[in-house]
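Trainee: Going by the numbering used here, the letters in the sequence shown line up with residues 1 to 144, in that order. The beta carbon of each residue, even a glycine, is placed where N, CA and C say it ideally should be. All values reported here derive from a predicted model rather than from experimental measurement.
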Amino acid sequence: MTETTIAHIISNYKEQIEMYSHMLELAQQQLDLVENNAPADEILAERYRLMDDISSLNKQNQEWQDSVCQSMEIKSFTINNLKANVNAEVVEELSQVLKDISQVLQQIEEVDQKIQESLNQQLIPRNRTRTTHERAKQAYQKEN
Numbered sequence: 001m002t003e004t005t006i007a008h009i010i011s012n013y014k015e016q017i018e019m020y021s022h023m024l025e026l027a028q029q030q031l032d033l034v035e036n037n038a039p040a041d042e043i044l045a046e047r048y049r050l051m052d053d054i055s056s057l058n059k060q061n062q063e064w065q066d067s068v069c070q071s072m073e074i075k076s077f078t079i080n081n082l083k084a085n086v087n088a089e090v091v092e093e094l095s096q097v098l099k100d101i102s103q104v105l106q107q108i109e110e111v112d113q114k115i116q117e118s119l120n121q122q123l124i125p126r127n128r129t130r131t132t133h134e135r136a137k138q139a140y141q142k143e144n
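(1) Between Leu50 and Met19, is the Cβ-Cβ spacing less than 9 Å?
(2) Does the separation of the CB atoms of Ala40 and Gln29 fall below 9 Å?
(3) For Ile115, which residues of its own chain have a beta-carbon under 8 Å away from its beta-carbon, when the five flanking residues on both sides are left out?
(4) Under 9 Å, do Val111 and Leu24 count as touching if we go by C-beta distance?
(5) Please list the terminal residues of the continuous alpha helix (DSSP H) segment that includes Glu25.
(6) Given a threshold of 16 other Cβ atoms within 10 Å of its Cβ, counted over all protein chains shown, does Leu123 qualify as buried or as exposed?
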């Protein structure tokens with residue numbers, strides 16, 4: 001029963017990896033649009049929809065993890081806690097899937113950081129001459 005539930009958890013994580021990979025593609029498209037000062041509203045909306053789907057998967061996964069913890073009488077669903085009670089191959093597969101998710105999430109974070117940097121650069125006024133007291137005085141005197 002427990003290993004079957006862990007297999008469901010692994011499968012759930014694999015589905016999340018597919019969704020996060022799609023999220024990474026969307027983030028890269030968003031970066032291209034932002035760098036070209038093009039609207040990215042549709043991509044952003046798609047990313048939010050995708051996050052809702054991932055959130056639902058996560059909720060189901062958490063329920064399965066809680067169930068495993070109860071049946072094994074362990075406090076938390078961690079690799080170390082599972083090692084003592086579960087087949088080593090299953091633990092290794094779970095560990096690899098978690099590493100894969102972590103890598104995709106890190107890539108998404110890096111692209112999102114680039115998006116943020118690009119947006120920040122677009123907000124900085126370019127080559128604006130600063131108005132000094134003297135320039136303001138000269139401009140006032142020219143008008144009068």
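Mentor: Straight from the coordinates:
(1) Inclusion of Leu50 and Met19 in the CB contact set at 9 Å is warranted, their separation being smaller than that value.
(2) yes
(3) Ala27, Gln30, Leu31, Val34
(4) yes
(5) 2 to 35
(6) exposed
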